[in-house]
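Chains as they are written, first to last, in numbering that gives the first Met the number 0: chain A, 0 to 505; chain B, 0 to 505. Cβ coordinates follow ideal geometry from the N, Cα and C atoms, glycine included. Small disclaimer: the values here were computed from a predicted structure and weren't measured.
Protein chains: 2
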Amino acid sequence: MSHLGTLRRGAWAALLRQLLRPPGAVCTRAVGCHSQVEEAVLTSQLKPHQEKPNFIIKVPKGTRDLNPQQMVVREKILDEIISCFKRHGAKGLDTPAFELTEMLTEKYEDNFGLMYDLKDQGGELLSLRYDLTVPFARYLAMNKLKKMKRYQVGKVWRRESPAIVQGRYREFCQCDFDIAGEFDPMIPDAECLKIMCEILTGLQLGDFLIKVNDRRVVDGMFAVCGVPKSKFRTICSSVDKLDKMSWEEVRHEMVVRKGLAPEVADRIGEYAQCHGGISLVEEMSKDPNLSQSQLALQGLADLKLLFEYLTLFGIAEKISFDFSLARGLDYYTGVIYEAVLLQTPGQAGAEALSVGSVAAGGRYDGLVAQFDPKGHSVPCVGLSIGVERIFFLVEQKMKASGKKVRTTETQVFVATPQKNFLRERLKLIAELWDAGIKAEMLYKNNPKLLAQLHYCEKTDIPLMVIIGEQEQKEGVIKLRSVASREEVTINRESLVAEIQKRLSES
Amino acid sequence: MSHLGTLRRGAWAALLRQLLRPPGAVCTRAVGCHSQVEEAVLTSQLKPHQEKPNFIIKVPKGTRDLNPQQMVVREKILDEIISCFKRHGAKGLDTPAFELTEMLTEKYEDNFGLMYDLKDQGGELLSLRYDLTVPFARYLAMNKLKKMKRYQVGKVWRRESPAIVQGRYREFCQCDFDIAGEFDPMIPDAECLKIMCEILTGLQLGDFLIKVNDRRVVDGMFAVCGVPKSKFRTICSSVDKLDKMSWEEVRHEMVVRKGLAPEVADRIGEYAQCHGGISLVEEMSKDPNLSQSQLALQGLADLKLLFEYLTLFGIAEKISFDFSLARGLDYYTGVIYEAVLLQTPGQAGAEALSVGSVAAGGRYDGLVAQFDPKGHSVPCVGLSIGVERIFFLVEQKMKASGKKVRTTETQVFVATPQKNFLRERLKLIAELWDAGIKAEMLYKNNPKLLAQLHYCEKTDIPLMVIIGEQEQKEGVIKLRSVASREEVTINRESLVAEIQKRLSES
C-alpha cells in the first residue's frame, strides 16, 4: 500500500471539503456548484487518520457520465460527422490524451481556460490536451509529414474559470478535420466550409450561418485603427467576444482593462460591427483606410476567391463575412470561420436556446514550424465540431419528439414458460449468438413467463423464442412477434434460418 | 499570459532534461528510453528567462500516436468487440477520463502501476482513471442502479514503474463488458466467458485458453496453507506472477520480500502448479486440506456449475481451471478468469511472441457497496479486453500477409486533363458529396493528369471521373475504372446515378 498511502492524504482534504458543503448541495454537473468552501485548500489543517466518513459520490466538476440513452444520441452524432469526414477522403489519427507540457505552452491565448496539468510524479511534465489541433501539428512535425488530410475524434480538457463555466463542460469531445500541405489558395479552405455545411445540414439542427473573416484582415484593421502591435492578440480576443457581449462592454474591456486609447477603440467599433456577403468584401477592398494595409488586402483577396469557390459548392448563402469574428486562439494566420445556429430545432413555440458556436476553425500556417527544430512550416487549415453543444440540441429534439430510444439492439429473446428449462435456454441462446443473432435471456433458473414478456416489451425486442415441455417433446420451437403477439411453431433445426429470414425482411 | 507563465518554468525543466540526453536518444515509444538524467528533477537549478533552445519532439513516455494504418487496424478490432457486446444486449456508457482521487483510492492492489494524479490547481483532487471497472461501480452507486448490462470502450492510464514497463503502454484502450445485478449463480459469469471466446475466435488470433479460478478458492487455499490473513492480498499478487516468473522466483518473493514462512510457501506451491478441467475441480472438492475451508468449497461448487454451463455453450474445451490464476486487482470476490493465446497467428515458422493475457475479468460483488453511503451492494461480473496486445498481433499478421491497407474510403476521384478546369471540378465534386459519394480531387488549380492518375493508384481509389474541354462541349463525362483502365463516356446528368449503380454492384 506504499504509494497509495500518498494519495490518501489528498483524498481526505477532498472528503472534508465535500462534508463542509451545505446540505442538499450534492451535484454531479458543472454548472452552479462551486462554493468558496469547495475552492479552499484545507489539506494543511487535516490529520490523516480520522475515521472515514460517508462521502458524497459525484463526478469531477465540469464532467459528466453519458448514460445509455445519451450514448445513443452521441453515437448518432459521431456517425454523421465521421461519415462526412470519410466522404472527403480523410484518414484517421489518434494521439495521447496528454502531451509534454512544453508542447502545449504558448499555443493558446491567455483568456481561454487553463490547461489541466498532471502532478509531477517524477519523470516528464505533462498536461492534458487542450484541443486536437496542436497535437496534429506536433504529429506532422515529429513525423516530418509535408501533407495529410486527417480527422480525429476525441476528448479534450479545459479548466474553464468558474466565471465562464456556465453551461460549458471541462471535458468535452471534439471532431476535427484538417488539411495540411502546400496547395493552391482557398481550395482546401473552401472544402472545410463545405464540410461544416454538410454536417450541420445532415444533423438537421435547423438553419445556420457560418461567419467568415481572415486574421490578416483583423490584424490589418487593427493596424490602420492604431492598435499597438503588442496588443493585437489581446484586443483580438476582446473583439471575439462580440457574439456574447455588447459593443459597450467590449469597448470597456479594451479601454479600461487593456489600456487601449478610446479613439482607437471607436475606430475598431466601426469595422467590428460590419457583416455581409461578397459585396462587403469588395466594398472593404476599396475602403481608403483598410486598403492602406497590404495584409488586409491579401486577406480580402483570398476571401473573394473563397466566396467564388463557395458559390460553386452551392453554399454561398450560408456564409457571412463578419468583421467581429476574431477567434481567440493564437495560432490562426489566415481565414477563420465559426458556425452558429440561427434557431433551435425544437417544436414551434419552444423557448429559444442560445448554444453559441457549434463548429469553428481556420488556417494556421505557422503552427507546425513551432515544433520543427529547423522551423520548416507546413500550411494547414481545418475545422472542429463541438459535440457537446450539438448533443444538447439533438437530445432536446429527441425528448420533444417523445419517441422512445432503444439503448440495445437485441433482436431475439429466449424464453420458457416452464421450470427447469435453463439448460435448454442456454444451448439455444448460444446457437443464436454463434449465428451472429443479437439475443438475450433472463439470468434466472426459473423466470416467470410474464417477467420475460415484460422484459421484451420494455426493451423493444421484436422477436421471442419460446421453448417448453411440449415444444421439446415435439422437436419444435415457438417464434413470437412481440408487437403483434402472433406465434408460429417451427422446427427446432430451422430456427436460426427462420430468424435470419425474418430479420432480413424487417 | 498570466497563468501560462506558471507553466513555463516547469516546461523549461523538461526542455533542459531533453537536452541533457545523449545524442541519438530521440525516442517516441515507451520502451527503453528512461535514463537517470530524465528522471532527475532539475527545476530548482533553472532560471526561467534563458533563450529557448530547440527541443526534441516526442510523445510522453509510455504513450504513442496511432497513424492512419494503425487506426484501420484498431477500428477493425473495436468493431469486432463492440458488435459482440451488442450481440449480448449490452448498453453503452461513457465516464470522464478522470475521477475524484478519493473515488479511486484503495481499489487497486499495491504492486500495480501508479495512478496518474492531476496537479492541484485549486478545486478538486483528481486522478486519471486506472480501469473502467471502478468508474462503472461508481456510476451504479451514484445513480442507485440495481442492475445493468453495459459495455464501455475507452482509454485508461497507468504509470507502470520502469522495471515492468517493457512492451507495455501507460496509456491504453480497454473494452469492458459487465453484468450488474442479483441473479442466479454463474449464469452471467458463464456469459462473460462465452463473450471472451466469441471475440477471440472472431479476431482470428489463433488458439487460446481461458484460465479460470475463484477468489474464494485462492483465499481458502491460503488459509489452509497457513498464510496470515493480513498477507492474503500481497501473496495473491505474487502467485499471480506465475505466468511470467518461475515458481522459484515467486517463492523467493513471497519468502524473502514478503516474509512468508518457507513451509507455507511450499504448501502454496503444491496447489499453485495444478491446472486442469472439470475433473480437477471435482478432485479438489475432495482434497482433505482444501475442503476444510468452507470458502474454498463454495468456490469449487460454483466452478462446477460454471463448467456445466460452459459445456452447454460449447466452449468447455477452451477453459482450464488453474490454481495459479489469482488476479492482482483487489476488488474480485468470486470467479476470476484470464485468456491467453497459445500461439501466434503469424505464418508458420514465425518467431513465437509472448503477449501475455489478452482478456481478463471476474466477479466483484463488493465494489459498488464501497461507493454507496449505506453500503448497499450490487453483485457484478465482467470482463476487459486489452486492445493493445491484440492490436500488436493483428498488426503483425497484416504486415506478414503483405496486403495493402487502405486508410481512406474514397470511391471516386475527380480529374481533368486540361488547364483551367478547377471550377468545373469543384462543381462536380460538390454534386458527388451531396449525393453521399466519397470523393476527392487534387487541391491544385492545374494539376497534371499523370499526378492525378498516380494519386488514384497510390490510394486505391476505384473510379475516376474525367472532365475536359471535349466533354464539357458535348455535355458528357468520362468514367474510368482505375484498375482495368476501361473508360466509358456518359451523360453529365446521369453521372451520379451511374456511379451509385457501379458502387452498389461492387
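Unbroken alpha helix (DSSP H) runs of no fewer than 4 residues, entirely contained in the segment 398 to 464 of chain B, are found at 421 to 433, 448 to 457, following chain order. The Cβ-Cβ distance between Phe320 (chain B) and Ala271 (chain B) does not fall below 8 Å. The shortest C-alpha to C-alpha distance from Asp371 (chain B) to any of B:Ser82, B:Leu139, B:Ser237, B:Gln173 is the one to B:Leu139. Here the alpha carbon of Phe221 (chain B) sits roughly 17 Å from the alpha carbon of Leu328 (chain B).
Between Met70 (chain B) and chain A, the shortest Cβ-Cβ separation is below 8 Å. If only uninterrupted beta strand (DSSP E) runs of at least 3 residues are considered, those enclosed by the segment 100 to 143 of chain B are 125 to 127. In this structure, Leu462 (chain A) lies near Ser480 (chain A), with their beta-carbon atoms less than 8 Å apart.
Positions of the alpha helix (DSSP H) runs, each at least 4 residues long and wholly inside the segment 349 to 384 of chain B, are given as 366 to 370 in order along the chain. Neighbours of Arg362 (chain A) in chain B, taken as residues whose beta carbon is under 8 Å from its own, are absent, since the nearest beta carbon is some 13 Å off. In the three-state scheme derived from DSSP, where H, G and I count as helix and E and B as strand, Met185 (chain B) is classed as coil. Any Cβ of chain B closer than 8 Å to the Cβ of Ala300 (chain A) would place that residue at the interface, and such an atom is absent. Secondary structure within the segment 289 to 332 of chain B: the beta strand (DSSP E) runs of 3 or more consecutive residues, fully enclosed, are 318 to 321 (chain order). Your pair Arg137 (chain B) and Glu98 (chain B) checks out as a contact, with CB atoms roughly 7 Å apart and the cut at 8 Å. For Val211 (chain B), the enclosing beta strand (DSSP E) stretches over residues 207 to 213.
Judged by DSSP in its simplified three-state form, Asp64 (chain B) adopts coil rather than helix or strand. Put simply, the segment 417 to 433 of chain A touches the segment 442 to 455 of chain A. At least three CB pairs are less than 8 Å apart.
When Cβ-Cβ separations below 8 Å define contact, Met397 (chain B) makes no contact with chain A. Note that the C-beta distance between Ile198 (chain B) and Ile384 (chain B) is below 8 Å. Counting along the chain, the unbroken beta strand (DSSP E) around Ala179 (chain A) starts and ends at 170 to 179.
When Cβ pairs closer than 8 Å are counted between the two stretches, the segment 168 to 175 of chain A is seen to touch the segment 56 to 69 of chain A, the count reaching three or more.
Thr94 (chain B) carries a coil assignment under DSSP once its states are collapsed to helix, strand and coil. One thing to note: Val249 (chain B) has its Cβ no nearer than 8 Å to the Cβ of Ala325 (chain B). Between the beta-carbon of Ile318 (chain A) and that of Leu192 (chain A) there is about 7 Å, and that keeps the pair under the 8 Å contact cut. Per DSSP, reduced to three states, the secondary structure at Glu394 (chain A) is helical.
In this structure Ala338 (chain A) is in contact with Val357 (chain A), their Cβ atoms being roughly 6 Å apart against a cut-off of 8 Å. Within the segment 130 to 142 of chain A, Arg137, Tyr138, Ala140, Met141 place their CB atoms closer than 7 Å to a CB of chain B, listed in sequence order.
Residue pairing from DSSP places Trp156 (chain A) in a beta bridge opposite A:Glu170.
Distances from the alpha-carbon of Asp183 (chain A) to those of A:Gly88, A:Arg256, A:Val380 put A:Val380 closest.
DSSP links Gly275 (chain B) through a beta bridge to B:Phe320. Contact annotation, Thr332 (chain A) with Tyr363 (chain A): C-beta distance approximately 6 Å; criterion of less than 8 Å satisfied. Among the residues of the segment 412 to 433 of chain A, those with a Cβ less than 8 Å away from any Cβ of chain B are Leu421, Arg422, Leu425, Lys426, Ala429, Trp432, Asp433, in the order of the chain.
The Cβ of Pro227 (chain B) sits no closer than 8 Å to any Cβ of chain A. Listed in chain order, the positions of the segment 81 to 93 of chain B with a beta carbon within less than 9 Å of a beta carbon of chain A are Ser82, Cys83, Lys85, Arg86, His87, Gly88, Ala89, Lys90, Gly91, Leu92, Asp93.
Contact of Lys154 (chain B) with chain A by beta-carbon distance below 8 Å involves Ala96. Here Ala260 (chain B) carries a coil assignment [DSSP, helix/strand/coil]. Lys243 (chain A) counts as exposed, since fewer than 16 other beta carbons sit within 10 angstroms of its beta carbon.
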